[in-house]
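Per numbering that gives the first Met the number 0, the very first residue in the sequence shown carries number 0; after that it's consecutive.
All C-beta atoms, glycine included, are put in the ideal place defined by N, C-alpha and C.
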Amino acid sequence: MTASNDSWVLITGASSGFGEHFARQYAERGHSLVLVARRLDRLQTLAETLRQQHDVDVVVEQVDLSDVAAIIRLHQRLRERGIAIDILINNAGHGLQGPFVDHRLDAALAMLQLDVVSLTAVTHVFAQDMRTRRRGKILLVASLLAYPGVENFAVYAAAKAYVLRLGETLHRELKRDGITVTVLCPGMSDTGFATAAQQKITPALKLLMMQPAPVVRAGIRALRAGRISTVPGWANKAAVIFTWATPRWLHQAAFSRIMNA
């Protein structure tokens, strides 16, 4: 275990996937943790494991982040306990695959509520505290699909494009206040996210799939280095370069084949 670190890391969506790996890797570095998600049993199991393995403080907060009022209450509870968040990992989110008009409207709006509205609210309330202290780090988890528009991922890709643009803008805007903002844009990763999103795993996606641990390491490295954004994996980096170098009709057609064929 690394030396004890007094700084607190808040991780949303911490009960599984990237969130769980962020918790494990920050615990290995000796950070105190606030783990936030809806599934209390999984949070408690993870918290107990991290306490035993790394001797770190872990606070568990069962919160429905789609409720902005619940985010405000979470912020207030932490302030009352004297917990100042030094690093915010804004990871919670979910996705949908399929034709836009085939999905129920309430499902699309619920995804936007979590992926856009709630992410914005969490970032806002904790960034205010960081600005007061003149220090802090914020990682926003977007997606490789923030770069191209992709058939059958219309709302999800648009939501992640918002996250990427928000983070890029805040990187410059908050830098003067001593706050680092970095956006992590993973490609297909073996986190269980695709199953929850009812996403088809095509043969091409299986070849491109990354394990979550190196993706998380890349995000932590980029945040520590003060980078504006990062795309983990050489194949994913090549895909972004492809979107920059080709007309929209071409890269949209290519991504549609990869994601849906």
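Residue i lies in the beta strand (DSSP E); which residues open and close that run?
{"i": "Ile86", "result": "Ile84 to Asn89"}
What's the C-alpha gap between residue i and residue j?
{"i": "Ala196", "j": "Leu108", "result": "Unreliable placement is indicated for Ala196, whose pLDDT of 47 sits below 50; the coordinate value is still reported in the next sentence. Going from the Cα of Ala196 to the Cα of Leu108 covers about 14 Å."}
{"i": "His123", "j": "Arg216", "result": "25 Å"}
{"i": "His74", "j": "Leu249", "result": "45 Å"}
{"i": "Cys184", "j": "Ala145", "result": "8 Å"}
{"i": "Gln251", "j": "Gly29", "result": "43 Å"}
{"i": "Ile257", "j": "Lys236", "result": "15 Å"}
{"i": "Val176", "j": "Arg133", "result": "Strictly speaking, residue 176 in this sequence is Asp, with Val absent from that position. The straight-line gap from Cα to Cα measures roughly 5 Å."}
{"i": "Phe125", "j": "Ser255", "result": "37 Å"}
{"i": "Gln43", "j": "Gln61", "result": "10 Å"}
{"i": "Arg50", "j": "Glu27", "result": "10 Å"}
{"i": "Leu173", "j": "Ile82", "result": "21 Å"}
{"i": "Asp293", "j": "Ser14", "result": "Outside the displayed range of the chain (0 to 260) lies residue 293, so it cannot be described from this structure."}
Name the residue from the options whose alpha carbon lies nearest to the alpha carbon of residue i.
{"i": "Leu77", "options": "Gln112, Asp54, Arg103 and Leu34", "result": "Leu34"}
{"i": "Glu150", "options": "Glu172, Pro98, Arg103 and Ser6", "result": "Pro98"}
{"i": "Gln210", "options": "Ser117, Gly186, Ile227 and Arg223", "result": "Gly186"}
{"i": "Trp7", "options": "Leu169, Ala126, Glu167 and Val57", "result": "Val57"}
{"i": "Ala68", "options": "Ser117, Glu27 and Leu165", "result": "Ser117"}
{"i": "Leu207", "options": "Ala224, Ala238, Val182 and Leu104", "result": "Ala238"}
{"i": "Val180", "options": "Arg50, Asp85 and Thr48", "result": "Asp85"}
{"i": "Ala158", "options": "Val140, Leu173, Leu169 and Lys174", "result": "Val140"}
{"i": "Leu113", "options": "Asp189, Asp40, Gly94 and Gly148", "result": "Gly94"}
{"i": "Thr119", "options": "Leu39, Val162, Val55 and Arg23", "result": "Val162"}
In terms of residue numbering, what span does the alpha helix (DSSP H) encompassing residue i cover?
{"i": "Gln51", "result": "Leu39 to His53"}
{"i": "Val59", "result": "Taken as a continuous stretch (DSSP letters only), Val59 belongs to no alpha helix (DSSP H), being part of the beta strand (DSSP E) at Val57 to Gln61."}
{"i": "Gly177", "result": "Per DSSP, Gly177 belongs to no alpha helix (DSSP H) and is neither H nor E."}
I'd like to confirm the pairing. Which residues does DSSP put opposite residue i in its beta bridges?
{"i": "Leu139", "result": "Asn89 and Val182"}
{"i": "Trp7", "result": "Ser31 and Ile84"}
{"i": "Thr229", "result": "Leu183"}
Helix, strand or coil for residue i, going by three-state DSSP, please let me know.
{"i": "Ala36", "result": "strand"}
{"i": "Ala196", "result": "Per-residue confidence for Ala196 stands at a pLDDT of 47, beneath the threshold of 50, marking its modelled position as unreliable; the derived number appears in the next sentence. Here Ala196 sits in coil by DSSP."}
{"i": "Gly166", "result": "helix"}
{"i": "Ser65", "result": "coil"}
{"i": "Met209", "result": "strand"}
{"i": "Ser117", "result": "helix"}
{"i": "Ser188", "result": "strand"}
{"i": "Thr245", "result": "coil"}
{"i": "Gly94", "result": "coil"}
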